[in-house]
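What follows is a short report on a single structure.
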Amino acid sequence: VDSLEKRVTTTTESRESTSKRPRTKSIEPSKEILFVPQEPSTPDALTPSTPMTGSDEPAEPEEDQKFDKGIEFLLSCLGMSVGLGNLWRFPTRAYENGGSVFLIPYLICALLFGLPGVYLEFALGQYQGKSPPFVYRRIMPVLEGFGWVAALLMATVGVYFMLIISWISVYLFNVVIGNSGKWGRCDNEWNDAVSASAQYFQNFIVRPSTSLTDFNSINWPIFIAMIIGWVITVLSIWRGMKFVGKLSYVTVGLPYIIVTILFVRGVTLEGAGDGLRFFFAGSDFSALWNYNTWTAALTQMCFSLSIGFGGLMNIASYNRRKHNCYRVSVGKIWDGGPDLAFSAYPDAMNQMPVPWLWNFLFFVMLWLLGISSEFVMVELVCSCLRDRFPEFCERRIMVVGGVSAILFVFGIVLTTDAGIYWFELFDEYGAGLGAVVSATSMCIIIAYLYGLEHFKFDLNLMLGAGGGCCSIFLGHNSPYFRVNWKWISPVFGVILIVLSCWKSYPHHNDPVAYPVLF
Numbered sequence: 001v002d003s004l005e006k007r008v009t010t011t012t013e014s015r016e017s018t019s020k021r022p023r024t025k026s027i028e029p030s031k032e033i034l035f036v037p038q039e040p041s042t043p044d045a046l047t048p049s050t051p052m053t054g055s056d057e058p059a060e061p062e063e064d065q066k067f068d069k070g071i072e073f074l075l076s077c078l079g080m081s082v083g084l085g086n087l088w089r090f091p092t093r094a095y096e097n098g099g100s101v102f103l104i105p106y107l108i109c110a111l112l113f114g115l116p117g118v119y120l121e122f123a124l125g126q127y128q129g130k131s132p133p134f135v136y137r138r139i140m141p142v143l144e145g146f147g148w149v150a151a152l153l154m155a156t157v158g159v160y161f162m163l164i165i166s167w168i169s170v171y172l173f174n175v176v177i178g179n180s181g182k183w184g185r186c187d188n189e190w191n192d193a194v195s196a197s198a199q200y201f202q203n204f205i206v207r208p209s210t211s212l213t214d215f216n217s218i219n220w221p222i223f224i225a226m227i228i229g230w231v232i233t234v235l236s237i238w239r240g241m242k243f244v245g246k247l248s249y250v251t252v253g254l255p256y257i258i259v260t261i262l263f264v265r266g267v268t269l270e271g272a273g274d275g276l277r278f279f280f281a282g283s284d285f286s287a288l289w290n291y292n293t294w295t296a297a298l299t300q301m302c303f304s305l306s307i308g309f310g311g312l313m314n315i316a317s318y319n320r321r322k323h324n325c326y327r328v329s330v331g332k333i334w335d336g337g338p339d340l341a342f343s344a345y346p347d348a349m350n351q352m353p354v355p356w357l358w359n360f361l362f363f364v365m366l367w368l369l370g371i372s373s374e375f376v377m378v379e380l381v382c383s384c385l386r387d388r389f390p391e392f393c394e395r396r397i398m399v400v401g402g403v404s405a406i407l408f409v410f411g412i413v414l415t416t417d418a419g420i421y422w423f424e425l426f427d428e429y430g431a432g433l434g435a436v437v438s439a440t441s442m443c444i445i446i447a448y449l450y451g452l453e454h455f456k457f458d459l460n461l462m463l464g465a466g467g468g469c470c471s472i473f474l475g476h477n478s479p480y481f482r483v484n485w486k487w488i489s490p491v492f493g494v495i496l497i498v499l500s501c502w503k504s505y506p507h508h509n510d511p512v513a514y515p516v517l518f
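Below, the structure written as structure tokens:
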């Protein structure tokens, strides 16, 4: 009996001491697992991941960097996708490929490639909560390079986008000091009676040299405007994506108000109906049988919707895990060369009453659209570096400043007299076929390496299983998306990539200014 009493007393004391022991904070296993990279040379690096459950769930982004509201996520995406390319790149592509007929392949590409691609980027970024290289590494470690390729494409676009912002800044400065009439008169010493606005852009803003290698001197107004643009970018995004989401109320919302005003004013001008009839009646339907039209439509669609660059994936990574990203995956479909934005549009503004006001509104709209896109581009590169090198997380200002400084150095060549030629090369090769290759690879990786059943499980874990007839055909796990991801998008993309490489030719704008290599 004495022995039994001693045993009970010892057990009771042990329980009391255990209950009084301070509890340690449990470490989230997801974060521990996610930050352990695997070497590509190991067998595990070649093994696809399985659906992530339990302790293997992805980590959420830092709590203080998540979007507070869904509208901030939507506006950030619009700032990235509906940017400058929708005003100066699309009209040129349409004009070169049959006029209004170009809308037919463009819309087909958007439905069969664009919408599924946007949704795929949103879902991958939101589920993992990290940047593209991390997302691909989580699927299969050896694929991490695909994420860095997407980031490199985005950095390339970011370099030459800042040149466009600098052009806009110079125009805006001239409007503010009262010189907006310069590109509306034909009696200047640097132009003739043909097209004042086009010659103002060429002779006063760009001042091009004779060839790609003829740098001559720095264009100092553009150089100073570029420095100011990069400083504004650093000061705006060093506080994180959440602050960029707040800024998007102004940088994205205000341009939509201005473009609505310009649209209403434009369609009420005399001759507006004649212009629309010319646009639709002058279409060349034979362009539909030319593969160049379809290639141009697909590359322009990827550029318009920012598919394949990783920017949408990175923005979605700042969503809360249960946010309905499927609802936001809608196409933004309208987009054209710098001569259009800086020649035809200003010329149209000068035909209106109080031209300085319309010029001011137009260039403010362009500047806001450009800078909002630049924010997301730089933030993507910074996010990739922070996820790969976590020690940078506590030094955000150094990462943002360093990335911006490097991109600025690469952009100095664009401020020389040969800058316009380098700009066209950046635009043609950086924002063209590379995005299609990246987006096609993303579909192939998810459909054939990771597996659509695994991905379906992840979507259900994030957005819910859904139910009902409508959910089956129109929901986030709709066969429409699975068929496109597995068959239509990869086949469509590969065919056009092969045709583009097979029929490639030197740069068509000016064979004298560009070496045969381009």
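Just so we're aligned: the sequence shown equals residues 1 to 518 in the UniProt record's numbering. C-beta: ideal position from N, C-alpha, C; glycine also. Being a predicted model, the structure only gives us computed values, none of them experimental.
Subject >> Through-space distance from N290 to S500, alpha-carbon basis >> reply: Residue 500 sits at position 500 when you count from the first residue of the sequence shown. Residue 290 sits at position 290 when you count from the first residue of the sequence shown. Near 12 Å, if we compare the C-alpha coordinates of N290 and S500.
**OP:** Give the straight-line distance between the Cα atoms of S438 and A94, rounded to the nearest whole angstrom.
**Re:** The sequence position of residue 438 within the sequence shown is 438, counting from 1. The sequence position of residue 94 within the sequence shown is 94, counting from 1. If I take the Cα positions, the gap works out to 24 Å.
Subject >> Close Cβ partners of residue 529 (< 7 Å) along its chain, the five nearest in sequence each way excluded >> reply: One cannot answer for residue 529 here, as it falls past the ends of the chain, which runs 1 to 518.
Subject >> Residues sharing a beta bridge with I488, DSSP >> reply: By 1-based counting over the sequence shown, the position of residue 488 is 488. Partner(s): none; I488 has no beta bridge.
Original post:
Does the distance from the CB of S226 to the CB of L152 come in under 8 Å?
Top reply: Counting from 1 along the sequence shown, the entry for residue 226 is found at position 226. Counting from 1 along the sequence shown, the entry for residue 152 is found at position 152. First, the residue type needs correcting, since residue 226 is Met and not Ser in the sequence shown. It is not a contact, given that the beta carbons lie outside the stated cut-off.
Subject >> Reference S478, options C109, L120, Q199 and W148, closest by Cα >> reply: In the sequence shown, the residue the question calls residue 478 occupies position 478. Distance from the Cα of S478 is smallest, within the candidate group C109, L120, Q199 and W148, for L120.
Subject >> Contacts around V176, its chain only, beta-carbon distance under 7 Å, and the 5 residues preceding and following it disregarded >> reply: As a first step, residue 176 must be located in the sequence shown, where it is residue number 176. The same chain holds no residue with a CB closer than 7 Å to that of V176 once the five nearest residues on each side in sequence are set aside.
Subject >> N314 - containing alpha helix (DSSP H), residue span >> reply: Along the sequence shown, one-based indexing puts residue 314 at 314. Run containing N314: G311 to A316, per the alpha helix (DSSP H) assignment.
Original post:
Which whole runs of the beta strand (DSSP E) in the region 371-401 are 3 residues long or more, in chain order?
Top reply: Runs of the beta strand (DSSP E) inside the region 371-401: none found.
Original post:
Candidates V101, F173, T295 and I488: which alpha carbon is nearest D284's?
Top reply: As a first step, residue 284 is located in the sequence shown; it is residue number 284 there, counting from the start. Measuring from the Cα of D284, the nearest candidate turns out to be V101.
Subject >> Neighbourhood of G266 by C-beta distance below 6 Å, restricted to the same chain and skipping five residues each side >> reply: Along the sequence shown, one-based indexing puts residue 266 at 266. Excluding sequence neighbours, G266 sits near nothing in its chain.
Subject >> Element boundaries [alpha helix (DSSP H), containing L163] >> reply: For the purposes of this step, residue 163 is taken as residue 163 along the sequence shown, with counting starting at 1. For L163, the uninterrupted alpha helix (DSSP H) segment begins and ends at E144 to V176.
Original post:
Tell me, which residues are paired with T416 by DSSP?
Top reply: Taking the sequence shown and counting its residues from 1, one reaches residue 416 at position 416. Per DSSP, I218.
Original post:
Near V498, what residues of its chain come up, given a Cβ to Cβ distance below 6 Å and the 5 sequence neighbours on each side ignored?
Top reply: Against the sequence shown, residue 498 aligns to sequence position 498. Excluding positions up to five away in sequence, the list is empty.
Original post:
Looking at the unbroken alpha helix (DSSP H) that takes in E453, where does it start and where does it end?
Top reply: Residue 453 sits at position 453 when you count from the first residue of the sequence shown. L452 to L463 is the span of the alpha helix (DSSP H), which, as asked, contains E453.
Subject >> Assigned exposure category for N216 - 16 Cβ within 10 Å defines buried >> reply: Position 216 of the sequence shown, counted from the start, is the residue given in the question as residue 216. Label assigned to N216: exposed.
Original post:
For K130, does the three-state DSSP call read helix, strand or coil?
Top reply: What you label residue 130 is simply residue 130 of the sequence shown in a count that begins at 1. Under the three-state reduction of DSSP, K130 is assigned to coil, being neither helix nor strand.
Original post:
Run through DSSP, which three-state label would P208 get?
Top reply: Stepping through the sequence shown from its first residue, residue 208 is reached at position 208. In this structure, P208 counts as coil in the three-state DSSP scheme.
Subject >> Coarse secondary structure for G245, derived from DSSP in three states >> reply: Here residue 245 refers to the residue found at position 245 of the sequence shown. Note: G245 maps to helix in three-state DSSP.
Subject >> Separation of A150 from D274, as counted between CA atoms >> reply: The count along the sequence shown starts at 1 and reaches residue 274 at position 274. The count along the sequence shown starts at 1 and reaches residue 150 at position 150. Spanning the two alpha carbons is a distance of roughly 43 Å.
**OP:** Identify the continuous alpha helix (DSSP H) that holds G253 and give its terminal residues.
**Re:** Indexing the sequence shown from 1 puts residue 253 at position 253. G253 -> alpha helix (DSSP H) spans G253 to V267.
**OP:** Consult DSSP for A138 and reduce its assignment to one of helix, strand or coil.
**Re:** For the purposes of this step, residue 138 is identified with residue 138 of the sequence shown, where counting begins at 1. The question names Ala, yet the displayed sequence has Arg at residue 138. Reduced to three states, the DSSP call for R138 is helix.
Original post:
Is W230 buried or exposed, if buried means 16 or more other CB atoms sit within 10 Å of its CB?
Top reply: Here residue 230 corresponds to residue number 230 of the sequence shown, with the count starting at 1. Looking at its Cβ environment, which holds 16 or more other Cβ atoms inside 10 Å, W230 is buried.
Original post:
Which same chain residues, not among the five before or five after W422, have their C-beta less than 6 Å away from its C-beta?
Top reply: In the sequence shown, residue 422 corresponds to position 422, counting from 1. Hits under 6 Å: V413 and L414.
Original post:
Would you call L357 buried or exposed, if buried means 16 or more other Cβ atoms sit within 10 Å of its Cβ?
Top reply: Walking along the sequence shown from the start, residue 357 turns up at place 357. With fewer than 16 other Cβ atoms within 10 Å, it is exposed.
**OP:** Check whether the region 355-371 touches the region 154-169, counting contact only when three or more Cβ pairs, one atom from each stretch, lie closer than 8 Å.
**Re:** yes
**OP:** Check whether the Cβ of V175 lies closer than 7 Å to any heavy atom of the ligand MN, and answer yes or no.
**Re:** With respect to the ligand MN, the structure offers nothing, as it holds no ligand at all.
Subject >> Beta-carbon proximity of L449 to I139, cut-off 8 Å >> reply: On the sequence shown, position 449 is the one that residue 449 refers to. On the sequence shown, position 139 is the one that residue 139 refers to. I139 sits close to L449, with the two beta carbons spaced by under 8 Å.
Original post:
What's the C-alpha gap between Y429 and T416?
Top reply: Residue 429 sits at position 429 when you count from the first residue of the sequence shown. Residue 416 sits at position 416 when you count from the first residue of the sequence shown. Answer to the nearest angstrom: the Cα atoms are 20 Å apart.
Original post:
Is the region 201-216 close to the region 389-406, with three or more CB pairs under 8 Å?
Top reply: Verdict: no, contact absent.
Original post:
Roughly how many angstroms separate the alpha carbons of S197 and P346, rounded to a whole number?
Top reply: Numbered from 1 along the sequence shown, position 197 holds the residue referred to as residue 197. Numbered from 1 along the sequence shown, position 346 holds the residue referred to as residue 346. In a straight line, the C-alpha of S197 is about 7 Å away from that of P346.
Original post:
If you run the structure through DSSP and keep just helix, strand and coil, what is A273?
Top reply: For this step, residue 273 is matched to residue 273 along the sequence shown. Reading off the sequence, residue 273 comes out as Gly, not Ala. In the structure shown, G273 sits in a helix (DSSP, three-state: H, G or I).
Original post:
If you draw a straight line from the C-alpha of T84 to the C-alpha of S372, how long is it?
Top reply: Counting from one through the sequence shown, the residue named residue 84 turns up at place 84. Counting from one through the sequence shown, the residue named residue 372 turns up at place 372. The residue you asked about is not Thr; residue 84 is Leu in the sequence shown. The alpha-carbon atoms of L84 and S372 are separated by roughly 10 Å.
Original post:
Taking the alpha-carbon positions, what's the K246 to S286 distance?
Top reply: Mapped onto the sequence shown, residue 246 falls at position 246. Mapped onto the sequence shown, residue 286 falls at position 286. The straight-line gap from Cα to Cα measures roughly 47 Å.
Subject >> Rounded Cβ spacing between G117 and S489 (contact assumed at less than 8 Å) >> reply: Taking the first residue of the sequence shown as position 1, residue 117 is located at position 117. Taking the first residue of the sequence shown as position 1, residue 489 is located at position 489. G117 to S489, Cβ: 7 Å. Contact.
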